[in-house]
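*Asks:* My questions will all concern the structure given below.
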Amino acid sequence: MDSLKLRCCSVAGCDLPPLCYNESMRNNDLTPEEKEVIENKGTEMPFSGEYYNFFREGTYTCRRCNAPLYESSGKFHSGCGWPSFDEEIPGAVKHVPDPDGLRTEIICANCGAHLGHVFTGEKFTETDTRHCVNSLSIRFIPKEERHNERS
Ligand SMILES: [Zn+2]
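Be aware that the sequence shown starts at 36, since it is given in this note's numbering, and climbs by one per residue.
Written out as structure tokens, the structure reads:
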């Protein structure tokens, strides 16, 4: 992908969170199910994803490019059937209005992977924002592992 650049916390002036990614300059290989969601903007079945009912402490990264997208502190139980977050890591997620003007798509700011949609005005949490994310678009990195990676 032409737009993909190496970006890392060690680069001077980089404003991204302190977790390096894309070191190999290539994206992760995806399964057909992941491709359907990430590249064809599909939606996994509700209540089926591995992170729907999952609340451990750590970071959620883009399954395609490993960019950190959400912290577990922003995850909440909405009952909607998909992982829900009330805030993204600043700058990690792009908001793109759907062509029909009804919903707002969210994509990885680094590689453009489809994540899901964002909704506001539902009053679930203080930020009044619900990022409805497909489990297939993200990968959970436990806090301990991330710590080890940063040696
Ligand atoms: Zn990505």
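Cβ coordinates follow ideal geometry from the N, Cα and C atoms, glycine included.
Grab the span of the alpha helix (DSSP H) containing Ile73 for me, first residue to last.
*Replies:* Per DSSP, Ile73 belongs to the alpha helix (DSSP H) from Pro67 to Ile73.
*Asks:* Measure the CB-CB distance between Ser119 and His166 and report whether it falls below 8 angstroms.
*Replies:* In this structure, His166 lies closer than 8 angstroms to Ser119 by Cβ.
*Asks:* Taking the beta strand (DSSP E) that Gly93 falls in, what are its first and last residues?
*Replies:* Looking at the DSSP string, the run of the beta strand (DSSP E) that includes Gly93 is Gly93 to Cys97.
*Asks:* Which residues does DSSP list as the beta-bridge partners of Phe82?
*Replies:* Answer is none; Phe82 lacks a bridge partner.
*Asks:* Give every residue of the same chain whose Cβ lies closer than 8 angstroms to the Cβ of Cys115, excluding the five residues on either side of it in the sequence, and list them in chain order.
*Replies:* Excluding residues within five positions, the ones whose Cβ falls inside 8 angstroms are Pro81, Arg165 and Cys167.
*Asks:* Rounded to the nearest angstrom, how far is the Cβ of His130 from that of Lys76, given a contact under 8 angstroms?
*Replies:* With a Cβ gap of about 14 angstroms, His130 and Lys76 do not count as contacting.
*Asks:* Could you compute how far the alpha carbon of His112 sits from the alpha carbon of Gly84?
*Replies:* Distance between the alpha carbons of His112 and Gly84: 13 angstroms.
*Asks:* So what does DSSP say about Glu157, is it helix, strand or coil?
*Replies:* Coil at Glu157, not helix or strand.
*Asks:* Assign Leu104 to one of two classes, buried (16 or more other C-beta atoms within 10 Å of its C-beta) or exposed (fewer than that).
*Replies:* It is buried - the Cβ of Leu104 has at least 16 other Cβ atoms within 10 Å.
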